[in-house]
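Q: If you scroll down you'll find the structure; I have some questions about it.
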Amino acid sequence: MTQPIIALENLTKTFRVALKPEGRSLPWARTWKTVTAVDAISLAIGRGEVVGYLGPNGAGKSTTIKMMTGILTPTAGTLRVAGRVPWRERRQHVAGIGVVFGQRNTLWWDLPVQESLDLLRHVYRVPPARFAENLTRFRALLDLDEFRFKPARDLSLGQLMRANLAAALMHDPGLLFLDEPTIGLDVVAKDRIRAFIREINRERGVTVLLTTHDLSDIEQLCERVIVIDHGRTRYDGALSELVERYGGDRALQVDFADDYAEVAVEGATLESREGRRAVFRFGRGVTAAALIGRLSERYTLADLTVREPDIEDTLRRMY
Amino acid sequence: MNAYLALARASLARQFRYRGANLAGLITNFFFGVIRVSVMVALYNANPAAAPAGYDLAKAVTYLACAQAIIGWVALWGWWDLVRALKGGEVVADLQRPIDFFGLWAAQDFGRAIAQLFLRAIPIMLAFALVYPLVGPADIGQLLIFILSFALAWFLSFTWRFLFSILGFWVTDGTGFARLAIFSATFFTGFLMPLSLFPDALAGVLRWLPFAGMVATPLDVFSNALRGPEALVAVAVQAFWALALYALAQATFTAGVRRLTTQGG
Amino acid sequence: MIFIRLASATLRAQARYRASLLVDALSALAGNGLEFVALALTFDRFGSLAGWSMGQVAFLWGLTEIAFGSMDMLFGGFDPAVFGQHIRRGTLDMYLLRPVNLIAQIFASDIMLRRLGRIAQGALVFAYANHVLALAWTPAKLLYLPVVLVSAVLFYGALFIAGATASFWTVQGLEVVNVFTYGGTALNSYPLPIFDRWLRRFFTFVIPTAVVVYYPALYFFDLPDPLGLPGWVSFLAPAVGLGALGMSLLVFKWGLRHYTSTGA
Ligand SMILES: Nc1ncnc2c1ncn2[C@@H]1O[C@H](COP(=O)(O)OP(=O)(O)OP(=O)(O)O)[C@@H](O)[C@H]1O
Ligand SMILES: [Mg+2]
């Protein structure tokens, strides 16, 4: 990896939260506790990567993104994005990034989308020619024409997210932060947004950091994933390796040709049995071929399937 | 009857949970009261002889202190619950309950008012009593008339709030009209200044309108400005308007529901 | 300039709700206007307030209302109630993500045209005061009047910004802030000597709202201060207005460090 565009070192954020909600207790009668949302996370992301940032609810994903985008000040640790300390040089920093929070809106609520985009052109000082180019491109990729002249408050959630994606990229940011951009969207809308992200990354080399609870987003977009839990890094590496390392056992499903009283094979454990069908689990130490060999020596087999654990299983085991 | 009681109790309990907001509101109400009482004291000091016969400074100060105390009880300012429920469409659920809609909201508001009596009205009166000489109902009879008048003030205020809130059946955002209704009515309720200090002709007219019954009448009874038969007449006026506004509210509500069901939300 | 573009976007958005804008402005005009009428009717019976005539009180009232109404319109984004909502809903995040000065964005985010109702009310009362008072306007006084008005706007604005800053920490405390903002203003509408000593001192030396309205008014009326402060206090208004605004902005920037966004 050459010079990373995002570099975190022991980044930490703690919140002080009241044990009783505010308003129900008087100021002097309140008790507090400290919540560590992000707990000494270190990572580096290179230019042009598309990285999936995963973790269960409350893991600290959004908090990390808020620090990387300059909204929150870290409690401890260092953070550099494109060579800058986001919260210290907020304005220069945000001029070079694009951000979309799912189910939130950055457009002017009562103004037509097109007017919002025009305003953003001035906010980010985008040269008019470049703005026109981007607009044409995004109109095609995100089908903006369907709702471009409607005020944001009249858009469906899917339309609103498309409009927000366009808004986040009008100023050609080198970095795109997406916090659950597909939340609440239907399959078609999700596909369109994924295709757009892929396109933007390929065509412009935009670095993308994406959080999501929809694993198809990850499968279709990311080669690299970072998994965190309770504010700590659990995994950082290739998506394929994640399954291999944490995926646990594979499963072999066997349909026997006869009714056997008992079925067993060394190297695998019987997980379930139903009529003539049985499912065995086996670890990385044995190969499927060896198991099948042993089984067919003893029994007559009708059919076989080998199942690899998927990301969902893997994550379920990790969380 | 039990359902209404349960609603009132739940709404009362809810008020008691927001301690911080209640304390803050109390401080604010008290502070504004101090400003208004200061003005009153200065007016009386300038020309004590100009006050109406029998209406001395203590009565006027008591009136203003009570006006601050009654804010939470009648909730004429800043009550948006029903306006919001109509705007947000939650009333549809209420309409499906096997319970009178007016009664449902009245029960909840009564619970709120009772809570405010203990959280705001009484503490504010105590605070004022510490700082200024106040007067109270002269005898048991006066006290009983006051309690009746005080209760009617709540009912009148609720019916009035109910009325302008359900205009939301006809307009998409009732907030603006509600605000207009509130701001214009404040003057007529006698909240701003004791009615007894207004020019006699004006005060005479205001006492016959429904608004005086929401604030001025119980305050004048409490401070003994209205006594005996005068007080009873004032309470009778309150009772008359209570019935009239109630009938109007029910009729308006029926028309509103008809509109909702024939035209859709 | 980007500020003007953002502000005009806010105004364009408001223009979409013309009817409710009008109703709101009217209710403010009626509500605040009737409050003055109630005072005037009662005043009429007694004839004076701490030696001040109705016209003089109307002068204070009008000046205060114009200043507070204008402030409320221009500093609407900092209205503690409005700003508290931004914080609770996390909309402040959105402003932080734009490469524009945050304070400029908050100013541009809420310019409340409906406050024109209150300003109009103040202007009417002020006009009435000038009508009955027949003040001896000298060029110096005429020049100082707009200075006082602007100073009062800045000073009240500083109170709003300070209140907004409090919402970085507390929600429930916000109503207490009203004591200083709305309460301090209400106090400005009456001659200072009618208040108890602790109130006078507090609003002269701690939160000096008296210095931006009452003391300048003494100069316009050529009155000495019955409380004994020297004449030059009447000319402190601009310094106090600017100073308070500067201080409140510093405090706001410091408070922003404590912004924790929302959990969602
Ligand atoms: N502003 C805040 N004040 C107090 N606590 C907060 C705040 N923001 C986040 N937290 C807490 O920090 C922890 C991490 O929250 P965060 O929003 O970063 O999680 P997340 O990984 O984005 O979760 P999700 O998948 O649900 O979006 C949680 O325990 C949350 O309650
Ligand atoms: Mg999150």
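Line order of the protein sequences matches chains V, A and E.
For the first sequence, position 296 (counting from the first letter as 1) is numbered 299 according to the working numbering, and the numbering increases by one without interruption.
For the second sequence, position 36 (counting from the first letter as 1) is numbered 38 according to the working numbering, and the numbering increases by one without interruption.
For the third sequence, position 181 (counting from the first letter as 1) is numbered 184 according to the working numbering, and the numbering increases by one without interruption.
Ideal placement from N, C-alpha and C gives every residue a C-beta, glycine not left out.
For K69(V), count the other beta carbons within 10 Å of its own beta carbon; 16 or more makes it buried, fewer makes it exposed. Which is it?
A: By the beta-carbon neighbour count (other beta carbons within 10 angstroms, threshold 16), K69(V) is buried.
Q: Are there three or more Cβ pairs, one per stretch, closer than 8 Å when the segment 250 to 260 of chain A is compared with the segment 97 to 111 of chain A?
A: Taking a cut-off of 8 Å for Cβ pairs, the segment 250 to 260 of chain A and the segment 97 to 111 of chain A touch, as three or more such pairs fall below it.
Q: When DSSP builds the beta bridges, which residues end up paired with F259(V)?
A: L304(V)
Q: In whole angstroms, give me the CA-to-CA distance for L179(V) and V129(V).
A: Their Cα atoms are separated by approximately 17 Å.
Q: Which residues in chain E sit within 8 Å of S186(A), going by Cβ to Cβ distance?
A: The answer, in chain order, is S30, A33, G34 and L37.
Q: Evaluate contact between the segment 311 to 320 of chain V and the segment 281 to 290 of chain V, counting only Cβ atoms and requiring at least three cross-stretch pairs below 8 Å.
A: Counting Cβ pairs under 8 Å, fewer than three are found: no touch.
Q: Alpha carbon to alpha carbon, how far is I124(A) from R203(E)?
A: 27 Å
Q: CB of S65(V) to nearest heavy atom of ligand 2: below 7 Å?
A: yes
Q: Hey, how far is the Cα of Y57(A) from the Cα of V243(E)?
A: 42 Å
Q: If you reduce the DSSP assignment to three classes, tell me which class F193(A) lands in.
A: coil
Q: On a Cα-Cα basis, can you pick out the residue from N133(E), F198(E), W172(E) and L162(E) that is closest to F223(E)?
A: N133(E)
Q: Report the residue from S237(E), V151(E), S251(E) and D225(E) whose alpha carbon sits nearest the alpha carbon of I69(E).
A: V151(E)
Q: Counting only the same chain and skipping the five closest in sequence on each side, list residues whose C-beta sits under 6 Å from that of W111(V).
A: S119
Q: Roughly how many angstroms lie between the CA atoms of F71(E) and L46(V), to the nearest whole one?
A: 51 Å
Q: So which residues of chain E does P201(A) contact, with C-beta pairs closer than 9 Å?
A: L44, D47 and R48
Q: Any chance you could list the alpha helix (DSSP H) runs of at least 4 consecutive residues sitting entirely within the segment 70 to 95 of chain E, in chain order?
A: Entirely contained in the segment 70 to 95 of chain E, the alpha helix (DSSP H) runs reaching 4 residues are, in chain order, 83 to 92.
Q: Could you tell me if S249(E) is buried or exposed, where buried requires 16 or more neighbouring beta carbons within 10 angstroms of its beta carbon?
A: A quick correction: the sequence has Gly, not Ser, at residue 249(E). Exposed, because fewer than 16 other Cβ atoms sit within 10 Å of the Cβ of G249(E).
Q: So, for I122(E): in the same chain, excluding its five sequence neighbours on each side, which residues have a beta-carbon less than 8 Å away from its beta-carbon?
A: Leaving aside the five residues that flank I122(E) on each side, the residues in its chain whose CB is nearer than 8 Å to its CB run, in chain order, E68, I69, G72, S73 and M76.
Q: Expressed to the nearest angstrom, what Euclidean distance is found between the alpha-carbon atoms of A44(A) and A62(A)?
A: Taken atom to atom, the span from the alpha-carbon of A44(A) to that of A62(A) is near 12 Å.
Q: In the structure shown, what three-state DSSP assignment does W235(E) receive?
A: helix
Q: Would P83(E) count as contacting chain V if we go by Cβ distances under 8 Å?
A: No - not a single Cβ of chain V is within 8 Å of the one on P83(E).
Q: Using 8 Å for Cβ pairs, my map puts D113(E) next to G79(E). What's the rounded Cβ distance?
A: 4 Å
Q: Quick one: give me the first and last residue of the beta strand (DSSP E) that Y238(V) is part of.
A: R235 to A241
Q: So which residues on chain E does L182(A) lean against when the C-beta distance must stay under 9 Å?
A: V26, D27, L29, S30, A33 and G34
Q: Please classify K64(V): is it buried, with 16 or more other beta-carbons within 10 angstroms of its beta-carbon, or exposed?
A: K64(V) is buried by the Cβ-count criterion.
Q: Check the DSSP bridge columns for W243(A) and list the partner residues they point to.
A: Per DSSP, none; premise fails for W243(A).
Q: Run through DSSP, which three-state label would V363(V) get?
A: This structure cannot speak to residue 363(V), because chain V is shown only from 4 to 322.
Q: Shortest alpha-carbon distance to I74(V) belongs to which of R8(E), P229(E), R101(E) and A126(E)?
A: R101(E)
Q: Would you mind giving the Cβ-Cβ distance between E226(V) and V53(V), rounded to the nearest angstrom? I have them listed as a contact below 8 Å.
A: 7 Å
Q: Starting from the Cα of G208(V), find the closest Cα among P77(V), T15(V), A143(V) and G51(V) and give me that residue.
A: Per the Cα distances, G51(V).
Q: List the DSSP bridge partners of D202(A).
A: None, per the DSSP bridge assignment.
Q: Any beta carbon of chain E sitting closer than 8 Å to that of L66(A)?
A: With its beta carbon at least 8 Å from every one in chain E, L66(A) lies outside the interface.
Q: For my contact list, N13(V) and A62(V) are in at a C-beta cut-off of 8 Å; report their separation, rounded to the angstrom.
A: Not quite, the Cβ-Cβ distance comes to about 17 Å (not below 8 Å), so this is no contact.
Q: Is the beta carbon of T263(E) within less than 7 Å of some heavy atom of ligand 1?
A: At least one heavy atom of ligand 1 is nearer than 7 Å to the Cβ of T263(E), so yes.
Q: Kindly provide the ranges of any beta strand (DSSP E) runs that are 3 or more residues long and lie completely inside the segment 28 to 52 of chain A, ordered along the chain.
A: none
Q: In chain order, what are the residue ranges of uninterrupted alpha helix (DSSP H) at least 4 long that sit wholly in the segment 210 to 235 of chain V?
A: 218 to 224
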